[in-house]
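Student:
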Amino acid sequence: MTPRELVDHALQLLIAHDMTAFAGLWAETGVLELPFAPPGYPQKVEGRAAVHEYLRAYPDIVDVRAVTEQVVHQSTQPDTVIVEFEVAGTVVATGRPYDMRYIAVIVVRDGEIQVYRDYWNPLAVAEAMGGVDALVAAFTGAENG
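Mind the numbering: the sequence shown is residues 77 to 221 in this note's numbering, read in order.
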């Protein structure tokens, strides 16, 4: 898969709530980076198995129903794309709308994600989820102290 094809496929899997297949897009040693993560939240998830573990309960936390906007920019590096996208859904625990914009820098080699750098807005996500503690607890199983 080309990087652009992989992005399209990944977003389809996200809407389908198929987190096993979504995590399966990562290379065995691929990395998910979350540079804007709040304290207590992981900033890096390393390896396909760890990405799967991190994402497996995502549909129980956030019910993403649509990608409402998507723009893919090809970088000067053929294996790297920058993706701007917006999703619409609901936070399962609160019933609040989950309408979020993301920017991701994705490096794809041999049809697999090597690096997925996710520039998301943790303040907006925390607000939708009911606070930073709820956000951290949902994805780590721990309270933010």
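The beta carbon of each residue, even a glycine, is placed where N, CA and C say it ideally should be. Computed from a prediction, not measured in an experiment: that's the story for all the values here.
For A164, does the three-state DSSP call read helix, strand or coil?
Tutor: Taking the sequence shown and counting its residues from 1, the one referred to as residue 164 is at position 88. A164: strand per DSSP, three-state reduction.
Student: Can you give me the Cβ contacts of E104 inside the same chain, cut-off strictly under 6 Å, excluding the 5 residues immediately before and after it?
Tutor: Working through the sequence shown from its first residue, we reach residue 104 at position 28. Counting only residues of its own chain and dropping the five nearest sequence neighbours on each side, E104 has a CB closer than 6 Å to the CB of R124.
Student: Please work out which residues of its chain come closer than 6 Å, Cβ to Cβ, to V54, disregarding the five sequence neighbours upstream and downstream, and give them in chain order.
Tutor: Because residue 54 is not part of the residues shown, which for the chain are 77 to 221, the question remains open.
Student: Spell out the partners DSSP gives P135 in its beta bridges.
Tutor: Translated into the one-based positions of the sequence shown, residue 135 becomes position 59. Answer is none; P135 lacks a bridge partner.
Student: Using the beta-carbon count (16 or more within 10 Å), is G165 buried or exposed?
Tutor: Against the sequence shown, residue 165 aligns to sequence position 89. By the 10 Å Cβ count, G165 comes out buried.
Student: Quick check on the DSSP output: the beta strand (DSSP E) that includes L211 runs from which residue to which?
Tutor: In the sequence shown, residue 211 corresponds to position 135, counting from 1. Looking at the DSSP string, L211 is not in any beta strand (DSSP E); the run it does join, the alpha helix (DSSP H), is 208–216.
Student: Taking three-plus beta-carbon pairs below 8 Å as touching, is the region 126–137 in contact with the region 87–98?
Tutor: yes
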